[in-house]
Amino acid sequence: MGGCFSKPKPVELKIEVVLPEKERGKEELSASGKGSPRSYQGNGTARHFHEEERLSAPHPYPSSQDCVEAAVCHVKDLENGQMREVELGLGKVLLVKDNGEFHALGHKCPHYGAPLVKGVLSRGRVRCPWHGACFNISTGDLEDFPGLDSLHKFQVKIEKEKVYVRASKQALQIQRRTKVMAKCISPSAGHSGSTNVLIVGAGAAGLVCAETLRQEGFSDRIVLCTLDRYLPYDRAKLSKSLDSQPEQLALRPREFFRAYGIEVLTEAQFQGVHGPDSQNGNPAMPPTTTSGMEVAAYLTEKAHSVSVVELEDTPFRKFLGERVGRTLLKMFENNRVKFYMQTEVLEFRAHEGKLQEVVLKSSKVLRADVCVVGIGAVPATGFLRQSGIGLDSRGFIPVNKMMQTNVPGVFAAGDAVTFPLSWRNNRKVNIPHWQMAHAQGRVAAQNMLAQEAEISTVPYLWTSMFGKSLRYAGYGEGFDDVIIQGDLEELKFVAFYTKGDEVIAVASMNYDPIVSKVAEVLASGRTIRKREVETGDMSWLTGKGS
Numbered sequence: 429m430g431g432c433f434s435k436p437k438p439v440e441l442k443i444e445v446v447l448p449e450k451e452r453g454k455e456e457l458s459a460s461g462k463g464s465p466r467s468y469q470g471n472g473t474a475r476h477f478h479e480e481e482r483l484s485a486p487h488p489y490p491s492s493q494d495c496v497e498a499a500v501c502h503v504k505d506l507e508n509g510q511m512r513e514v515e516l517g518l519g520k521v522l523l524v525k526d527n528g529e530f531h532a533l534g535h536k537c538p539h540y541g542a543p544l545v546k547g548v549l550s551r552g553r554v555r556c557p558w559h560g561a562c563f564n565i566s567t568g569d570l571e572d573f574p575g576l577d578s579l580h581k582f583q584v585k586i587e588k589e590k591v592y593v594r595a596s597k598q599a600l601q602i603q604r605r606t607k608v609m610a611k612c613i614s615p616s617a618g619h620s621g622s623t624n625v626l627i628v629g630a631g632a633a634g635l636v637c638a639e640t641l642r643q644e645g646f647s648d649r650i651v652l653c654t655l656d657r658y659l660p661y662d663r664a665k666l667s668k669s670l671d672s673q674p675e676q677l678a679l680r681p682r683e684f685f686r687a688y689g690i691e692v693l694t695e696a697q698f699q700g701v702h703g704p705d706s707q708n709g710n711p712a713m714p715p716t717t718t719s720g721m722e723v724a725a726y727l728t729e730k731a732h733s734v735s736v737v738e739l740e741d742t743p744f745r746k747f748l749g750e751r752v753g754r755t756l757l758k759m760f761e762n763n764r765v766k767f768y769m770q771t772e773v774l775e776f777r778a779h780e781g782k783l784q785e786v787v788l789k790s791s792k793v794l795r796a797d798v799c800v801v802g803i804g805a806v807p808a809t810g811f812l813r814q815s816g817i818g819l820d821s822r823g824f825i826p827v828n829k830m831m832q833t834n835v836p837g838v839f840a841a842g843d844a845v846t847f848p849l850s851w852r853n854n855r856k857v858n859i860p861h862w863q864m865a866h867a868q869g870r871v872a873a874q875n876m877l878a879q880e881a882e883i884s885t886v887p888y889l890w891t892s893m894f895g896k897s898l899r900y901a902g903y904g905e906g907f908d909d910v911i912i913q914g915d916l917e918e919l920k921f922v923a924f925y926t927k928g929d930e931v932i933a934v935a936s937m938n939y940d941p942i943v944s945k946v947a948e949v950l951a952s953g954r955t956i957r958k959r960e961v962e963t964g965d966m967s968w969l970t971g972k973g974s
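In the numbering used here, the protein residues as written are 429 to 974.
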């Protein structure tokens, strides 16, 4: 959350921040060395790049000796709507033919290295088969999330019916491109009316918001505050790879924040926001879905035994339905995970200060050395209760499609917000997905710069257990039927979640890139009807092209 840019009438919010004793008097990663802001005020203007504000990016074709050029195929080797991974020197390139034109791009998704040739080509962009990130084939720019970086775009020419590609050797090796960003300049450099942007929270939404502001030419001060000890990190990985070190999880290195003048305050405790009005919220804990099961799957290779205690009769039932839930239950049981369903923990018993037993409400006593408790999530919005920024009865922050709160100049994004989901009739929802936080952070930044952007991304999530990846797109709350194609026993299936006559979500395992294809269809504005997926003919989904 942060910023005040898009409304003509300025609003001042004074935010009190308490830093640990060791941090007082200094700012980590401060670009200017000056004291941190305690208030900010919007001036209602949008700014553009000045030449002196840009940080230069490496040119993809620096010189002939640093480049490689070769014929990669015949013009007739690819039909319209086809993609091919081709060799170029010591690297590879994704070659795309769309509307009669050839495009050459980096071949791996910068997020986690998925082969984009196995993704979905539609509407002038390619969507990653693993996690749904989208890249413009004409520019290589990242258009939908997750991830932070774009693809390199390489030169293509046609000579004597052959397709030639020319690329920087360095770009072929790096396989990712960070967009050009503005530098932070002081008002004394010729710009009056400086605007400070304060971003509270350094998750995906906060980081993408800061980066988008710089990418769009904002060159005034940005301060990113977090209660965490660490710079922004990959939180989605915490329940999937518990032995990861902080430096392995970092989304950007320390030097990145220095280079682009994004000041980061770590271990910053917010005392409150003082605004014109006050309002109280009563946060409640929304239920978890997948994190506890990811932890259980990870621990099977580390522990003598793993037990799961669950209130429901089937894991994932509310999220994935009874049949898929029971299939995943069997997968866990086949990997030595014991389930205790329809019960809960009554008591922890310790001996000499160490956990020894867990007593269930059913009177069953489990031996345990470690217990991981999945307690759900509470929106950390208590500091806003006297601010005038609206909170709902659960403590979430309602925003509109532009991520604007009820207070002009104050935006919110990420797990703590409810927003209108456009393709579900603008239903106000809370979707705590990693991918969604990225998209909301960008929209918030764009509207701080008065660009009138609206959130329209299709929710996309994934989980990995025992080497199997489950992918999910859409918003399935309230589904009344599940249409399953494939083989649940073989863990190769796709499940369509329907409400009435409409498909509202899809999940799959070992069926890539079908979830990305459905996400792209939904993103195009098309409604998928129940009768279309009941037939079992999914050629319209699995086929390449638009």
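Note that the Cβ used here is the ideal one computed from N, Cα and C, for glycine as well.
Keep in mind the model is a prediction, meaning the values are calculated, not measured.
Asked, Found
"Three-state secondary structure assigned by DSSP to E481", "Because the pLDDT of E481 is 40, which lies under 50, any placement of that residue in the model is unreliable, and the number read from its coordinates should be weighed accordingly. Note: E481 maps to helix in three-state DSSP."
"Alpha carbon of C799 to alpha carbon of G631, nearest angstrom", "26 Å"
"I932 and G906 closer than 9 Å at C-beta", "yes"
"Runs of beta strand (DSSP E) wholly within the segment 542 to 628 (minimum 3 residues, chain order)", "548 to 550, 553 to 555, 562 to 564, 570 to 572, 581 to 587, 590 to 596, 625 to 628"
"Extent of the continuous beta strand (DSSP E) to which Y925 belongs", "920 to 927"
"Other residues of its chain near E785: CB distance less than 7 Å, five sequence neighbours each side excluded", "R777, V793, L794, R795, A796"
"Span separating the alpha-carbon of L812 from that of L576", "29 Å"
"L693 (DSSP reduced to helix, strand or coil)", "strand"
"DSSP beta-bridge partners of K525", "Q510, F530"
"Local Cβ density within 10 Å of H502, reported as buried at 16 or more and exposed below that", "exposed"
"Three-state secondary structure (DSSP) of V827", "coil"
"With 16 other Cβ atoms within 10 Å as the buried cut-off, status of T833", "buried"
"Inter-residue Cα distance where the pair is E480 and G818", "With a pLDDT of only 40 at E480, under the threshold of 50, the placement of this residue in the model should not be trusted, and no figure is reported."
"Classification of G541 by the beta-carbon crowding that lies within 10 angstroms, buried from 16 upward", "exposed"
"Cβ neighbours of S669 in the same chain (closer than 8 Å, five flanking residues each side left out)", "Y726"
"Reference V1026; option with closest CA among F530, G810, G953", "Examination of residue 1026 is not possible in this model, given that the chain is present from 429 through 974 alone."
"Proximity of K581 and H531 at Cβ, strictly below 9 Å", "yes"
"contact_flag[the segment 583 to 601, the segment 888 to 900] where n(CB pairs < 8 Å) is 3 or more", "no"
"Within 9 Å, strictly: CB atoms of T654 and T694", "yes"
"Whole-Å CB distance - G560 paired with A947, under 8 Å assumed", "5 Å"
"As assigned by DSSP and simplified to three states, the class of R751", "helix"
"Chain-order list of residues whose beta-carbon lies under 6 Å from that of K958 (same chain, five-residue window excluded)", "T926, D929"
"Contacting residues, own chain, Cβ-Cβ under 6 Å from Q863 (five flanking each side not counted)", "F573, P574, Y888"
"Span of the alpha helix (DSSP H) around M721", "719 to 727"
"P674 - containing beta strand (DSSP E), residue span", "Per DSSP, P674 belongs to no beta strand (DSSP E); it is in the alpha helix (DSSP H), 674 to 677."
"Contact check, A595 vs V524, beta carbons under 9 Å", "no"
"I932: first and last residue of the uninterrupted beta strand (DSSP E) it sits in", "930 to 937"
"H535, buried or exposed, once every other Cβ within 10 Å from all chains shown has been counted against 16", "buried"
"Which of helix, strand or coil DSSP assigns to S815", "coil"
"For R870, the three-state DSSP class (helix, strand or coil)", "helix"
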